[in-house]
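Q: Let me begin by handing over the structure; questions about it come next.
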Amino acid sequence: MAQKISLTRYLVEQQRADGLIPGQLRLLLEVVARACKSISQAVNKGALGGVLGSAESENVQGEIQKKLDIIANEVLIEANEWGGHLAAMASEEMDSIHLVPNRYPQGEYLLLFDPLDGSSNIDVNVSIGTIFSVLRKPENGHGQGVQESDFLQAGSKQVAAGYCIYGPQTTLVLTVGNGVAMFTLDREQGSFMLTQEDIKIPADTKEFAINMSNMRHWDAPVKRYIDECLAGKEGPRGKDFNMRWIASMVADVHRILMRGGVFMYPWDKREPEKAGKLRLMYEANPMSWLVEQAGGAATNGRQRILDIAPTKLHERVAVVLGSKNEVERLTGYHDPL
Ligand code: AHG
Ligand code: MN
Ligand code: MN
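Take the sequence shown: its position 27, counting from 1, is numbered 16 in the numbering used here, and each next residue is one higher.
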């Protein structure tokens, strides 16, 4: 029988074989995985653990926080503070960056996360997740400790990215720039075990994911693309399309990594000054890198997401990602920059 490979062993072997994972980064990924295990426990307890419902507070983006948004954020912060692998963290749920306290050694990495993605699904028992992105702390010229500007690096600079989905199974999906691997939590062992390596997204698909209730607010290229899909066999695409929308990016992207598809959260006219709904640093960058590593593509409609130079921590962005040919088609419908 083939030997089972734990996340720990996978990371050790990546470190040895490819030198892709320095020791500090390996520790960081282990700690993030441990935090995800603990978030998964809280999610599983649900009403029994008193974790459902609203916290009745607002985050920096004006969104009402759920209790689990706050719990997951705290779990990630506490788990990552003391190991010596990080210099600072940034989260969708915190106004500004969180420095590693002076009493702990400082590491070389910056960790960014969406602690709980899909908050509207928590109380209805639908898949949710945690998304994370790792950057190297730049050699800064400002001679001070870590600052917010140190985080403002393009997604192409990420050294690791992934998510953990809390669904029927708890599954961690990871890239360190060497393809995409998936690990399923074995609750008896308490370990994430490798269950799929070298995940690939098919270039073509018949499945799209978009919140159709926003249709009247879309821009012409998005409307054209979806109209053509909806026209099915008789339309210009010559095939019938299926639609899925889970309202947890983690779950929609996971489906796309497993069987292909295209995910869109475009700019729309509801709040024209907002580039999009999703956050560049906590959602779009890590997911785009995973998708590219699996052979897919990710743009904001005009430009590769990983090339965008961020101007602020909580920046938002339009997102089109998934099966390469579909992403390229919709991107082609937009005027070039
Ligand atoms: P979050 O729960 O972290 O705020 O993210 C929710 C995001 C994303 O996961 C999902 O794709 C999208 O919001 C759903 O938006 P709608 O409710 O507008 O469909
Ligand atoms: Mn989210
Ligand atoms: Mn969130």
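The beta-carbon is built from N, C-alpha and C at its ideal position, and this holds for glycine as well.
Going by the C-beta, is K263 closer than 7 angstroms to any heavy atom of ligand 1?
A: no
Q: Between P94 and the rest of its own chain, which residues show a CB-CB distance below 6 angstroms, the 5 nearest in sequence each way excluded?
A: G73
Q: Between which two residues does the alpha helix (DSSP H) holding Y322 run?
A: K313 to Y322
Q: In terms of alpha-carbon separation, which member of L57, W278 and V40 lies closest to Q147?
A: W278
Q: Please go through the same chain and pick out, in chain order, the residues whose beta-carbon is closer than 8 angstroms to the beta-carbon of G179, but skip the five residues on each side of it.
A: Within the same chain, Cβ atoms closer than 8 angstroms to the Cβ of G179 are found at K26, the five residues on either side in sequence being excluded.
Q: Expressed to the nearest angstrom, what Euclidean distance is found between the alpha-carbon atoms of D187 and D296?
A: 24 angstroms
Q: Report buried or exposed for N109, applying the criterion of at least 16 other Cβ atoms within 10 angstroms of its Cβ.
A: Note on identity: in this sequence residue 109 is Ser, with Asn being the wrong assignment. Counting Cβ neighbours within 10 Å, S109 comes out exposed, since fewer than 16 surround it.
Q: Starting from S43 and walking both ways along the beta strand (DSSP E), at which residues does that stretch end?
A: Counting along the chain, the unbroken beta strand (DSSP E) around S43 starts and ends at S43 to E47.
Q: Use the C-beta contact count for M171: other C-beta atoms within 10 angstroms, 16 or more gives buried, fewer gives exposed.
A: buried
Q: Taking the alpha-carbon positions, what's the L16 to M201 distance?
A: 41 angstroms
Q: Taking 7 angstroms as the cut-off, is the C-beta of P104 nearer than that to any heavy atom in ligand 3?
A: yes
Q: Between the Cα of A273 and those of A298, G321 and G227, spot the shortest distance and give me the residue it belongs to.
A: With distances taken between Cα atoms, A273 lies closest to A298.
Q: What do you get for G42, buried or exposed, if any count of 16 or more other CB atoms within 10 angstroms of its CB means buried?
A: G42 comes out exposed.
Q: Are G118 and Y152 close, meaning C-beta to C-beta below 8 angstroms?
A: Closer than 8 angstroms, so yes.
Q: What does DSSP give as the partner residues of W234 in its beta bridges?
A: DSSP lists no partner for W234.
Q: Are there any heavy atoms of ligand 2 lying less than 7 angstroms away from the beta-carbon of M238, as far as the coordinates show?
A: Relative to ligand 2, the nearest heavy atom lies less than 7 angstroms away from the CB of M238.
Q: Is S85 close to ligand 4? I mean its beta-carbon at under 7 angstroms from any heavy atom of the ligand.
A: In terms of ligand content, the structure shown lacks ligand 4 and carries ligand 1, ligand 2 and ligand 3 instead.
Q: Indicate, with yes or no, if ligand 2 has a heavy atom lying under 7 angstroms from the CB of E272.
A: yes
Q: Would you call L57 buried or exposed, if buried means 16 or more other Cβ atoms sit within 10 Å of its Cβ?
A: buried
Q: If you measure from the CB of E217, is any heavy atom of ligand 3 nearer than 7 angstroms?
A: no
Q: Among all the DSSP beta bridges, which residues are the ones paired with D193?
A: According to DSSP, residue pairing for D193 in a beta bridge does not occur.
Q: Under the DSSP definition of a beta bridge, which residues are partnered with A170?
A: L163
Q: Contact check, A76 vs V135 under 8 angstroms by CB: the rounded distance?
A: 5 angstroms
Q: So, helix, strand or coil for G151, using DSSP?
A: strand
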